[in-house]
Each structure stands twice: as structure tokens, then as C-alpha cells.
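**Q** Have a look at this one before I ask anything.
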Amino acid sequence: MSMNLPSQRGRGRRAPMADINVTPLVDVMLVLLIIFMVTAPLMTAGVPVNLPDSRAKALDQDQAPVEISLDATGKLFVDKDEVTDAILPDVLAQIAKRGQADKPPQVFLRADKALDYGRVMRVMGELNHAGLNRVALLTVGDDT
């Protein structure tokens, strides 16, 4: 019987290292983490609105929606431009003309939860009068 004893010939050679060096991987991951932490706040743009909570699922969208926002003071914004109540019907009519004949553009309505319900309903009435019936009310998502 023979036993597997260490030989004298192999002592000068180095055995291959089977360990993985994770230091470069950690460095790359930290750089990516910093990049995402810096760019994530820049991706949210618009009017600051305190949205109510909801458990509804996100909507699928095929084109860029028009965003209408009502802030806590009651100011009205179409995308990022402030709009008065007097010119809102004209602005909404122009938005309705941008859509296709069979499919009006998607409208996202963001309203601060501290606002009067009647104020939000007046804006929704103007949207309906302009023919913009694809309206989604935006809320803060709930992960539970």
C-alpha cells in the first residue's frame, strides 16, 4: 500500500491560490452606490406635493403623461408651469389636441392631501370638460 506523503520535489513550487480577492469588487460596488445615491434625488422633479397613501398598483403607460399638480396652498401647475384657474380650460384644450383622436393623453393628477376635496374636484371637472378622461390620481405607494 502506498500513502500520499508530501514529496521533497514539490517544496520549491507554489500551489495555486484558490481564494477570491473581493477588494476590487467591494470598491466597484461602493462607487456604484455613491453614484446612485447622488443621482437618485435628481430624478424626482416637479412641484413638491404631500401625496396621500394608497395600496393601488402602478399604472402601465405608453407615452409620457401630462402631470397636473395642486400644492398645499392651492396653486395649480401643469407639468412645471404655474397656471391660473382662468386659463386652465385653454391649457387643457391644447393638451387634448395633442392626443390622438381615439386615445386622449394620460393625465396624472397630484394633489396635496391637505387640500379641500372641492378644489380637486373642480380641476377634475375641467379635465372632463376638455375631454381628458384618462386621469390617474397619484398617491404614495404602500409596500405592505
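First residue of the sequence shown: 11, per this note's numbering; consecutive thereafter.
Virtual Cβ for every residue (Gly too), placed ideally from N, Cα, C.
1) For K123, which residues in the same chain have their Cβ closer than 6 Å to its Cβ, ignoring the five residues on either side in sequence?
2) Using a Cβ-Cβ cutoff of less than 8 Å, which residues in the same chain neighbour A25 once the five nearest sequence positions on both sides are dropped?
3) Helix, strand or coil for A146 per DSSP?
4) Compute the Euclidean distance between the alpha carbons of G141 and L43, then round it to the nearest angstrom.
5) Apart from the five residues just before and just after L125, which ones in its own chain have a Cβ nearer than 8 Å to its Cβ?
6) Helix, strand or coil for L125, going by three-state DSSP, please let me know.
7) Of all the options F118, M134, A146 and V41, which has the alpha carbon lying nearest to the alpha carbon of L98?
8) At the level of alpha carbons, what is the spacing between V41 and R65?
9) Classify R23 as helix, strand or coil using the three-state DSSP reduction.
10) Taking I105 as part of the alpha helix (DSSP H), name the residues at either end of that continuous run.
11) Label E92 either buried or exposed according to how many other C-beta atoms from any shown protein chain fall within 10 Å of its C-beta, with 16 as the threshold for buried.
12) What would DSSP say about D63, mapped onto helix, strand or coil?
**A** Based on what the coordinates show:
1) N60 and P62
2) none
3) It is a strand residue.
4) 45 Å
5) L80, A82 and G84
6) In the displayed model, L125 falls within coil according to three-state DSSP, outside both helix and strand.
7) Nearest C-alpha to L98: M134.
8) Distance between the alpha carbons of V41 and R65: 34 Å.
9) Judged by DSSP in its simplified three-state form, R23 adopts coil rather than helix or strand.
10) L98 to R108
11) exposed
12) strand
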